[in-house]
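Please read the structure below before turning to the comments.
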Amino acid sequence: MMKKVSINRDNRLAALAFLTKVYQKPESQQSIESGLPIIDGELNRDLFARAARRAGLSASLQKRTLKSILSSTLPVVLELHENRVCILMDIAGDQARIIHPGEDETELVMKVAELEVSYSGFCFLIKQDLEEPTSEIHWFWNVINMSKGIYAEVLFASFFINCFALATPLFIMNVYDRVIPNYAIETLWVLVSGVVLVLLFDLIMKSLRGYFIDAAGKRADIILSASTFGRILGIKLSEKPDRVGYFANNLQEFDNFRDFFTSTTLVALIDLPFVILFILVISSLGGVLALVPTVAIPSILILGFLLQRRLQYHVSATFKEGAEKNAMLIEVLSSIETVKGMTAEGAMQQRWEKHNALLAKLGLKSRLLSFAIVNSTQMIQQIATIAVVTSGVYLIMAGDLTVGGLIACTILTGRSLGPMNQVAGIITRFHHSKSAFSAIDRVMQLPTERPNNKNFLKRGHLSSDIEFVNVGFSYPNQQISALKEVSFKINEGEKVAILGQTGSGKSTIQRLIMGFYNATEGSILLGNTDINQLDPRDIREKIGYVPQEVSLFSGTIRQNINLGSQLKKDEEILMAAEIAGVSKFINKHPMGFDLDVGERGTNLSGGQRQGLGIARAILSGGKTLIFDEPTASMDNSSEKLFIEKFVPFIRDRTLVLITHKASMLSLVDRIIVLDRGELLTDGPKKRVLEMLSLDRSEK
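Sequence positions in the sequence shown follow the numbering used here and run 90 to 788.
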């Protein structure tokens, strides 16, 4: 018997998460949406295909009636009215089996006619993405492949544009050879009407070609820019470049790479093969005159090849020096107080001017080489024109060529050598684009936290137990180990402090728990599961984290507290601010939560920045809290207020606290002491403090 149901509001993320189970590659909603620009928690139609790719699926939006959906394509995601979705599992006769993702996910049976009332007519056909892991440059060719239809249209338009270019010289030839000698005015106007029509079509084709190139460039720009930034957000911290400014400059060179595919340079490259067409026409009109462009073109190409190696060196050097200059600029701007405080303005100015002088020198040499190619090309073109005219005179005298034919051959010679005038620009832009491509490629090849070929374990409930088993760790390019055979276990609900001198490995432990780095030795267990089996996003969703240096971003206090938790209500934000002890100064300010914190939080004090970092961690709702020196910049009264309000909040939570302040130890019951990367002692707070006190007295 059919069970009648109403269709409730569904969730596209939940639909994808359910389908990953169907295809035996389960993913959580959190891992699917990780890094996607989702607004107000809604996965819109445009983002659905991107989210599906993250889940190892391929989604194609189709407009189909329910009866036209083939059984071989099931299951499919149906878009319903009012931004709702459901999953169609089967359809037979007048009955359909559907699933509401995000609810109890049991199959429901309803009449097809009833489903059609709610069905919008659009559905996503889903299939498992069985492609092999991408190759080194697949990120680029994949984007080009997406626009291959557009580039095919560009080639189609270019063919006609170059064919239309024959109209003017042939028109002039016929006027000189047939119209003028015979006073054929009617023929003249027939030719004029014909050539004007061709020129109109030429205008249309050129406009279309320009539009197609810009459309392809825009599409590539959006896709490559999004994928590049997404790759940056997903890279392992162990692979993060040491120099942020240098790295940022490499990414800015993306504009050079993009321009190569949207500029006149690309048009010139497309037109190069059609030079053969003009030479063939010259051969049919003037015979041996075709030898002139046939010799001139290789001469220009050989000249460009001889000079391009030197040009490549200067372009590459300019690229690197520009990156150095940009790195210095970012370093100085981010540390301007230190520069002023140390009266180092003169030293910084000297370094800046040194970079500028070297850039100017390299730029001058690049321009001189470009000018040499341009001027030499123009000279060869002029010599070719003179050679065609001179040779043509002899052919006319011999009766093998007409005056109109000579004029046509002269024009066509100029047209065939036209693209050669841009050889210098093509070579320069090519080397700029090549350097930019290499920079972007290095970014795209960096290892990520969530590789495509890895299936993480999905745990519905992950306890807050944390266990280190003989863990050793060394930071990249560091010879000294940060941790050596460290073993301990923190049970769910425990409140533990980690103490030790500077450089003892305290902050390293919290970075390993957060999954920022992988242990080089031993294993780390979260909820009795090796951390390497878990999705980093799933781990961080369950942890409230305050780093040693709280980072704020340009925007309001509300935006910074709500960072990563866009759907939190005002009541929750107010509660987090109250517990963190920052509501007092926020309430007193006229702008309140809309106060702009400035770049990197420069409009706030150190203690206020830390308070916002604590509020952000509390708002995350994680059952595990990892705080690294959370009150280091707070005054005693602010710290006391925070402790009073924080104690009730952590009653049923796990706390891992790294601190140098004795007053903060009132929050914990157990202390772990590290020394030079090794576990010195671990036990109840009272016993460990007595032992530490005894050690100090003996020293």
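Where a beta carbon is used, it is the ideal one built from N, C-alpha and C, also for glycine. For clarity, every value in this text was computed on a predicted model and none was experimentally measured.
Backbone secondary structure at residue i - three-state DSSP
i    : result
L763 : strand
F208 : In the sequence as displayed, the identity of residue 208 is Tyr instead of Phe. Three-state result, Y208: strand.
E574 : strand
L305 : With the sequence shown as reference, residue 305 is identified as Ala, and Leu is not the correct amino acid for it. Looking at A305 - three-state DSSP - the assignment turns out to be helix.
E556 : strand
A446 : helix
S726 : helix
M437 : helix
T383 : helix
T743 : strand
E610 : strand
P115 : coil
M603 : coil
R186 : strand
L146 : strand
Residue environment, residue i, which counts as buried when at least 16 other CB atoms sit within 10 Å
i    : result
M723 : buried
R456 : exposed
D360 : buried
P222 : With a pLDDT of 45 at P222, under the threshold of 50, the predicted position of this residue should be treated as unreliable, though the coordinate-derived value follows. Per the 10 Å Cβ criterion, exposed.
D627 : buried
I602 : buried
A241 : exposed
D135 : exposed
A436 : exposed
G633 : buried
H403 : buried
T691 : exposed
A586 : buried
Residues of its chain near residue i, where Cβ-Cβ distance is below 7 Å and the 5 sequence neighbours each way are ignored
i    : result
T498 : Correcting the residue identity first, residue 498 is Cys in this sequence and not Thr. Result list for C498: I371, L374, G375, L378, V477 and G481, in chain order.
R139 : L125
K774 : L754, V757, D758, R759 and I760
A103 : Q118, P190 and G191
Q734 : Note that residue 734 is Lys in the sequence shown here, rather than Gln. For K734, where only same-chain residues beyond five positions count, the Cβ hits under 7 Å are E667, I668 and G670.
Inter-residue Cα distance where the pair is residue i and residue j
i    : j    : result
G430 : S694 : 18 Å
D741 : K578 : 18 Å
K156 : L292 : 47 Å
L535 : I312 : 18 Å
D99  : A106 : Summary for D99: the model assigns pLDDT 41, below 50, so the residue's position carries little reliability, and this model does not support an answer.
V532 : T720 : 36 Å
W441 : L641 : 29 Å
T479 : I472 : 10 Å
L708 : G616 : 22 Å
M235 : I485 : 53 Å
V279 : F290 : 17 Å
K547 : R101 : 19 Å
G644 : N580 : 38 Å
K631 : D310 : 35 Å
R698 : A461 : 57 Å
L652 : R142 : 25 Å
Same chain, Cβ closer than 6 Å to residue i, five either side skipped, listed in chain order
i    : result
F249 : M294
S149 : L214
L610 : Note on residue identity: the sequence assigns Glu, not Leu, to residue 610. Excluding positions up to five away in sequence, the list reads G561.
K414 : H444
H170 : S207 and S209
L684 : I646 and H678
L277 : V268
S327 : P565 and Y606
Cβ-Cβ separation, residue j to residue i (assumed contact under 8 Å), whole Å
i    : j    : result
I176 : V166 : 6 Å
R539 : P625 : 7 Å
L588 : G670 : So it is not a contact: roughly 23 Å between Cβ atoms.
L286 : A385 : Incorrect: roughly 32 Å between the Cβ atoms, too far for contact.
V639 : G702 : 3 Å
K216 : S147 : 5 Å
K584 : I747 : Between I747 and K584 the Cβ distance is about 13 Å, and since that is not below 8 Å, they are no contact.
D218 : G145 : 5 Å
A571 : F557 : Actually they do not touch by this definition, with Cβ atoms about 13 Å apart.
A246 : L297 : 5 Å
F367 : L501 : 5 Å
M836 : I365 : Since the first and last residues shown for the chain are 90 and 788, residue 836 lies out of range.
N544 : K110 : Not confirmed; about 12 Å, so no contact.
Q622 : D764 : Not really, about 31 Å apart at Cβ, beyond 8 Å.
Neighbourhood of residue i by C-beta, 8 Å cutoff - its chain only, sequence neighbours within 5 removed
i    : result
S405 : H520 and S524
D266 : T491, V492, G493 and G494
A273 : R267
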